[in-house]
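Asker: Let me give you the structure first, and then I'll get to my questions.
Protein chains: 2
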Amino acid sequence: MSLDSLYAKLTIKTGAKMALIVLDGLGDIATMPQGELTPLEAAKTPNLDKLVASGVAQGRMIPVAPGITPGSGPGHLALFGYDPIEFEVGRGVIETLGLGIELKAGDVAARANFCTLDAKGIVTDRRAGRIATEVCERLCKILSSKVKKVGATQVFIYPGKEHRFVVVFRGAGLEGPVTDTDPNREGLPIATAKPVDAKNAKQKKVAKLIADFYKAALPLLAKEKPANGFLMRGAAHQPDIPTFEERYLMKPAAIAVYPMYKGLSQLVGMVKIEGPQTIAEQFERYIAEYDNYDFFFIHYKYTDKAGEDGDFEAKTKAIEDFDAALPILLGKKPDVLAITGDHSTPCAMKGHSWHPQPVLLHSAYSGSDKLERFTETGSNMGSLGVFEAKYLIRLMQANAKMFDKYGA
Amino acid sequence: MSLDSLYAKLTIKTGAKMALIVLDGLGDIATMPQGELTPLEAAKTPNLDKLVASGVAQGRMIPVAPGITPGSGPGHLALFGYDPIEFEVGRGVIETLGLGIELKAGDVAARANFCTLDAKGIVTDRRAGRIATEVCERLCKILSSKVKKVGATQVFIYPGKEHRFVVVFRGAGLEGPVTDTDPNREGLPIATAKPVDAKNAKQKKVAKLIADFYKAALPLLAKEKPANGFLMRGAAHQPDIPTFEERYLMKPAAIAVYPMYKGLSQLVGMVKIEGPQTIAEQFERYIAEYDNYDFFFIHYKYTDKAGEDGDFEAKTKAIEDFDAALPILLGKKPDVLAITGDHSTPCAMKGHSWHPQPVLLHSAYSGSDKLERFTETGSNMGSLGVFEAKYLIRLMQANAKMFDKYGA
Numbered sequence: 001m002s003l004d005s006l007y008a009k010l011t012i013k014t015g016a017k018m019a020l021i022v023l024d025g026l027g028d029i030a031t032m033p034q035g036e037l038t039p040l041e042a043a044k045t046p047n048l049d050k051l052v053a054s055g056v057a058q059g060r061m062i063p064v065a066p067g068i069t070p071g072s073g074p075g076h077l078a079l080f081g082y083d084p085i086e087f088e089v090g091r092g093v094i095e096t097l098g099l100g101i102e103l104k105a106g107d108v109a110a111r112a113n114f115c116t117l118d119a120k121g122i123v124t125d126r127r128a129g130r131i132a133t134e135v136c137e138r139l140c141k142i143l144s145s146k147v148k149k150v151g152a153t154q155v156f157i158y159p160g161k162e163h164r165f166v167v168v169f170r171g172a173g174l175e176g177p178v179t180d181t182d183p184n185r186e187g188l189p190i191a192t193a194k195p196v197d198a199k200n201a202k203q204k205k206v207a208k209l210i211a212d213f214y215k216a217a218l219p220l221l222a223k224e225k226p227a228n229g230f231l232m233r234g235a236a237h238q239p240d241i242p243t244f245e246e247r248y249l250m251k252p253a254a255i256a257v258y259p260m261y262k263g264l265s266q267l268v269g270m271v272k273i274e275g276p277q278t279i280a281e282q283f284e285r286y287i288a289e290y291d292n293y294d295f296f297f298i299h300y301k302y303t304d305k306a307g308e309d310g311d312f313e314a315k316t317k318a319i320e321d322f323d324a325a326l327p328i329l330l331g332k333k334p335d336v337l338a339i340t341g342d343h344s345t346p347c348a349m350k351g352h353s354w355h356p357q358p359v360l361l362h363s364a365y366s367g368s369d370k371l372e373r374f375t376e377t378g379s380n381m382g383s384l385g386v387f388e389a390k391y392l393i394r395l396m397q398a399n400a401k402m403f404d405k406y407g408a
Numbered sequence: 409m410s411l412d413s414l415y416a417k418l419t420i421k422t423g424a425k426m427a428l429i430v431l432d433g434l435g436d437i438a439t440m441p442q443g444e445l446t447p448l449e450a451a452k453t454p455n456l457d458k459l460v461a462s463g464v465a466q467g468r469m470i471p472v473a474p475g476i477t478p479g480s481g482p483g484h485l486a487l488f489g490y491d492p493i494e495f496e497v498g499r500g501v502i503e504t505l506g507l508g509i510e511l512k513a514g515d516v517a518a519r520a521n522f523c524t525l526d527a528k529g530i531v532t533d534r535r536a537g538r539i540a541t542e543v544c545e546r547l548c549k550i551l552s553s554k555v556k557k558v559g560a561t562q563v564f565i566y567p568g569k570e571h572r573f574v575v576v577f578r579g580a581g582l583e584g585p586v587t588d589t590d591p592n593r594e595g596l597p598i599a600t601a602k603p604v605d606a607k608n609a610k611q612k613k614v615a616k617l618i619a620d621f622y623k624a625a626l627p628l629l630a631k632e633k634p635a636n637g638f639l640m641r642g643a644a645h646q647p648d649i650p651t652f653e654e655r656y657l658m659k660p661a662a663i664a665v666y667p668m669y670k671g672l673s674q675l676v677g678m679v680k681i682e683g684p685q686t687i688a689e690q691f692e693r694y695i696a697e698y699d700n701y702d703f704f705f706i707h708y709k710y711t712d713k714a715g716e717d718g719d720f721e722a723k724t725k726a727i728e729d730f731d732a733a734l735p736i737l738l739g740k741k742p743d744v745l746a747i748t749g750d751h752s753t754p755c756a757m758k759g760h761s762w763h764p765q766p767v768l769l770h771s772a773y774s775g776s777d778k779l780e781r782f783t784e785t786g787s788n789m790g791s792l793g794v795f796e797a798k799y800l801i802r803l804m805q806a807n808a809k810m811f812d813k814y815g816a
C-alpha cells in the first residue's frame, strides 16, 4: 500500500477548522552584515510570542529535497501536500496562473517573449530590448485580434511585464510538453517546437499548432521595431491533480492577494476568495468565512519581496506588520494553525533558497516545545524536526484527530 | 540494491549483546494542564540521569509515518525494524496474539463478537449487551466442543473479554483478508464474507469456510439470550515475515508480561521468556539469560496504561518505578542499550498518538549529546534527530560494530 493510500484509508471527516498562513520566503540565514540575526529574530513579534507561550510545536521544512531551491509553484504544491517532483507543473502553466488567467483542464499554456529578428530571421535580441509593458500590451492586442484560432483550436494571448506574454491553446487532444522555440542564444533562428515524446500524438498536435501559430502571427509583427518576432518556452498542459477536497476531505479556501498564489491554489481546487488587499483584511475575511470552509490558505507576499530586494529592514517590518494583524485571526482560532513560508528568501542572497523554512504548529495536541519565540534558531530545536513540506497538512490533520489509529 | 540487502551484505555476526527497553506509550506532550512538563520530565529518574551523564545519544522516532498513530502491532513491528506498511499484520492476527494464542504460518485468524439477532436474523445489538466474560467463555466452550472442523480445516475458538472471541482456521491453502460479516451497525443482517481480491482462490476458500462455519455454529446459539449470534471481523493470515535472527544475525529473546507483546515478538521469531511479572524481575531474568541470547526485547506496559487513562501522576510513577529497577539491568550492561517507546500515549489525549517518541542510545560509540536528562524536549536536540523507528535496530547494530564499511 502506498503511504498516500494509507492516509486516505485512515482519514475521517471531522469538520475541524484549519489555517495555513504562508509568509512567502519567510526563512532567512544569519550573516555577519546583519548582526547575526535573521529578520524573524530581529522583528518585534509580541503576538507571535504570546502564541508560542501558549504552546506550539516547531520545526523546519525542506521545500522539495535537500539543496533544491523551489520556485513559487513547487514551493506551494509541496505546502499543499503534493510532491512537487511527482506533480510537475510546467512553466507555461505557472506563468499563466501568475497573470491571474484561469486555465481549464486540457489547456496548453506557453511563456513567450517578444524578440528582434534580422532580415534572415536570425534572433538578434531575445528580449527585443526589453520593450515597455505598454508596447507589449499593444502587440498582444494585435495578435489576439487577428489570431483567434489555429485550425479548430482556440488561441488566447495575454500580455505580461515588458517583453513577456503567454499563449494559451484550448481545444481537444492537446498535451505538453513540447520543446522550446527559443534557441536560448542570439545568432540562431527561431527553433521548431517538437514533441518531447515523439510517439505522443497530443504533443505532436501541439508542436504542429505552434508552427501554424507562427505562420499566422509572425507576419503581423513584420513591420514592428524592435519586437518583430517572438520565442515560446515551457509549453505545458494543466496537470491532472487530485483536488484538495478529495485528498484531505476538507473544503478549502484561498485568501491571497497576488494572482500567482490564487492560481496555484486553484490548481488544487481551492475556492478563491477575492477582495482583501492587506493581511488585516485577509484575516478579517477568514473570520467572515469561518463557517463556510474547513481549510484556509492565507498568503502574505511582502516577506519574499523584501528578501528578493535584499532589504533586511523591510523584511523585518513585513514580519512585524503580519504580527500586528495576527490578533484578528486569533480572535477566532482555528482548531489547527500552521505558520510558515513556502521556502526561504535570505536577504543576503536576494532570492529564493534551499534553506529549510521554519514552521510553527498550534493545536490542542501540538504540545509545547518550551521555546520562547518562533525563529529559525529556535525551530532547529523543535519537536517536529526537519521534515519535508509535503507532510505538513498530514501533521495538521493528525492534530485535528482526522486519522484513525493504524492497526490494533 | 535495496537498503535492506545493503544492510544484510554489510552485517557481521559479532556476538555483541543488546537490549531494547520499550516503555510502552512513553512519549507525551507538554500541555498547560500539566504545568508544561511531560511525565518523563516530571519524573524523578536518578538512575536514568546517571546513564545520560555517562554519555548517550538521543533523538525522536516517527513510529510509522508523519501524523500516523500506530496501534501496538505496527508500533512494535517498526521497532523490530520491519516497515509496518510493507509488513501488514491483520487485526485478527493481532487480537489472537493478544490473547496469548500461538499462530502457525498459514493460519487465518478473525476477531469475533457475540451479538443479538431478532427472529428475522437482523442484528439488534452488535455486542449482545456486552455479556460477562464468563458467559463468553461458556459459549465459546459450546462452539469449540461442537465445531472442531469445517471440511478438512481445523477450527479453534478462544474467548476474550466480555463479548469478544477469536476464531482460528488451520489448514492448507488459506489466506486473508476477507471482508467482515459485521454489518457495522444495527438493523442489518449478518453480512457475507467475501474475498478482498476476487481472483484469490485462497481468500475465496476462507470466505466459504466462514459461511460454512456460520451454518454449523449459529444453530448452537439459537436458544441463547442475548448472545444468539456472532459477527466476524479482520480475518487475516499470519504474514510471511523474515525472522529477526535471519535479518540481524542475532539470537533474540522477549521478556514481556502482556500476551500481546509476547505475540508480536513471536511474529518475528523471538524466543518468549516466561515468568517475570515486574520490571525488576524482567531485568533479573535478563541478567540470568545474558549468555543465552544476543538481543533482549524488554517490554514495560504501565506507561501506556497510565497514558490511556489520562493519569499524569500514574505515568510519572510508572517511569519512576522503571527507573528504580534500572540498576539491575545496568549491573550487566549490554554492549548497546536503547530505551524508548513504541509510540506516544499523551495523557492529554488518553490514547496513542503520532508524536515522535523520545529514544536514548548508549554504547561505547554512542557519543554524548551533553544533555542532562532523557526527556522529550532534550531529545529534540539530540544527535539522532527525528528518524523513522524502523532504523533503530540498524543504529544499534552500527553501535555494536556489526556493519562492515560500505565501499573503499
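Residue numbers (my numbering), protein chains in the order written: chain A, 1 to 408; chain B, 409 to 816. Ideal Cβ positions, reconstructed from N, Cα and C, are used throughout, including at glycine. Note that the coordinates shown come from a computational prediction; the quantities given were computed from them, not determined experimentally.
Shorter than 8 Å from the beta carbon of residue 191(A) to some beta carbon of chain B?
Answerer: So no, residue 191(A) is outside the interface.
Asker: Provide the residue span of the alpha helix (DSSP H) that contains residue 560(B), from first to last.
Answerer: From DSSP, residue 560(B) is part of no alpha helix (DSSP H); its letter is neither H nor E.
Asker: Can you give me the start and stop residues for the beta strand (DSSP E) that residue 517(B) sits inside?
Answerer: It spans 516-525 - the beta strand (DSSP E) in which residue 517(B) sits, taken as one unbroken run.
Asker: If you follow the beta strand (DSSP E) that residue 237(A) is part of, which residue opens it and which one closes it?
Answerer: Taken as a continuous stretch (DSSP letters only), the beta strand (DSSP E) holding residue 237(A) covers 229-237.
Asker: Going by beta carbon distance, what residues of the same chain come within less than 6 Å of residue 457(B), once the five residues before and after it are set aside?
Answerer: If we look at residue 457(B) and ignore the five residues flanking it on each side, its Cβ neighbours are 781.
Asker: Measure the alpha-carbon distance for residue 59(A) versus residue 163(A) and round it to whole angstroms.
Answerer: C-alpha separation (whole angstroms): 41 Å.
Asker: Among residues of its own chain, excluding the 5 on either side of residue 265(A), which ones have a beta-carbon nearer than 6 Å to its beta-carbon?
Answerer: The residues are 254, 297.
Asker: Mind checking whether residue 158(A) and residue 166(A) have CB atoms under 8 Å apart?
Answerer: Result yes, Cβ atoms of residue 158(A) and residue 166(A) sit closer than 8 Å.
Asker: Beta carbon of residue 640(B): closer than 7 Å to some heavy atom of the ligand COA?
Answerer: Annotation note on the ligand COA: not contained in the displayed structure, which lists no ligands.
Asker: Just checking: is the beta-carbon of residue 1(A) within a distance shorter than 8 Å of some beta-carbon in chain B?
Answerer: So yes, residue 1(A) belongs to the interface.
Asker: I need the boundaries of the alpha helix (DSSP H) containing residue 541(B), first residue and last residue.
Answerer: Residues 541-554.
Asker: Whose Cβ in chain A lies nearer than 9 Å to the Cβ of residue 430(B)?
Answerer: Near residue 430(B) there are no residues of chain A at all, since even the closest Cβ is about 16 Å away, more than 9 Å.
Asker: Please state whether DSSP places residue 671(B) in a helix, a strand or coil.
Answerer: Three-state DSSP puts residue 671(B) in a helix.
Asker: Near residue 819(B), which residues of its chain fall below 8 Å by C-beta distance, leaving aside the five closest residues on each side in sequence?
Answerer: Since the first and last residues shown for chain B are 409 and 816, residue 819(B) lies out of range.
Asker: Thinking C-beta only, is residue 203(A) closer than 8 Å to residue 178(A)?
Answerer: Yes, they are a contact pair.
Asker: Between which residues of its own chain and residue 455(B) is the CB-CB distance below 8 Å, once the five residues before and five after are set aside?
Answerer: Contacts found: 731, 732, 734, 735, 738.
Asker: Is there a C-beta anywhere in chain B that falls below 8 Å from the one on residue 395(A)?
Answerer: Cβ-Cβ to chain B under 8 Å: yes for residue 395(A).
Asker: Take residue 186(A) as the anchor and find which of 107(A), 386(A), 124(A) has the nearest alpha-carbon.
Answerer: Closest by alpha carbon: 124(A).
Asker: Could you check whether residue 82(A) and residue 272(A) sit closer than 8 Å to each other, using their CB atoms as the reference points?
Answerer: Against a cut-off of 8 Å, the Cβ pair of residue 82(A) and residue 272(A) comes out as no contact.
Asker: Report buried or exposed for residue 627(B), applying the criterion of at least 16 other Cβ atoms within 10 angstroms of its Cβ.
Answerer: The residue in question, residue 627(B), is exposed, as its Cβ has fewer than 16 Cβ neighbours within 10 Å.
Asker: Starting from residue 460(B), trace the alpha helix (DSSP H) in both directions and tell me its first and last residue.
Answerer: Counting along the chain, the alpha helix (DSSP H) containing residue 460(B) begins and ends at 454-461.
Asker: Does the beta-carbon of residue 778(B) have 16 or more other beta-carbons within 10 angstroms, so that it is buried, or is it exposed?
Answerer: With fewer than 16 other Cβ atoms within 10 Å, it is exposed.
Asker: Quick check: what's the CA-CA separation for residue 410(A) versus residue 2(A)?
Answerer: Look at the range of chain A in this structure, 1 to 408, and you will see that residue 410(A) is not part of it.
Asker: For residue 760(B), which residues in chain A fall below 7 Å Cβ to Cβ?
Answerer: The contacting residues are 405.
Asker: Name the chain B residues that come within less than 7 Å of residue 369(A), Cβ to Cβ?
Answerer: What residue 369(A) touches in chain B: 785, 788.
Asker: Give the DSSP-derived three-state secondary structure of residue 651(B) in the structure shown.
Answerer: Three-state DSSP puts residue 651(B) in coil, outside helix and strand.
Asker: I'd like to know if residue 65(A) contacts chain B, where contact means its C-beta is closer than 8 Å to some C-beta of that chain.
Answerer: Chain B contact via Cβ: absent.
Asker: Hey, could you find the ends of the beta strand (DSSP E) residue 60(A) is sitting in?
Answerer: Segment 57-62, the beta strand (DSSP E) holding residue 60(A).
Asker: With residue 366(A) and residue 172(A) assumed to form a contact (beta carbons below 8 Å), what rounded beta-carbon distance in angstroms separates them?
Answerer: Actually they are not in contact, since the Cβ atoms of residue 366(A) and residue 172(A) sit about 49 Å apart, beyond 8 Å.
Asker: Within this structure, are the beta carbons of residue 518(B) and residue 643(B) separated by less than 8 Å?
Answerer: Their beta carbons are under 8 Å apart, which means residue 518(B) touches residue 643(B) by this criterion.
Asker: Considering Cα atoms alone, identify which of 754(B), 746(B), 583(B) is closest to residue 449(B).
Answerer: Among 754(B), 746(B), 583(B), the Cα nearest to that of residue 449(B) belongs to 754(B).
Asker: Taking C-beta pairs closer than 8 Å, name the residues in chain B that residue 79(A) reaches, listed in chain order.
Answerer: None at all; the shortest Cβ gap to chain B is about 14 Å.
Asker: Taking the alpha-carbon positions, what's the residue 784(B) to residue 453(B) distance?
Answerer: So the alpha carbons of these two residues sit roughly 14 Å apart.
Asker: Would you mind telling me which residues of chain B sit closer than 9 Å to residue 391(A), beta carbon to beta carbon, in chain order?
Answerer: Result: 473, 474, 475.
Asker: For residue 805(B), which of helix, strand or coil comes out of DSSP?
Answerer: Residue state, collapsed to three classes: helix.
Asker: Taking 8 Å as the cut-off, decide whether the C-beta atoms of residue 191(A) and residue 150(A) are in contact.
Answerer: No; because the gap between Cβ atoms is not below 8 Å, this pair is not in contact.
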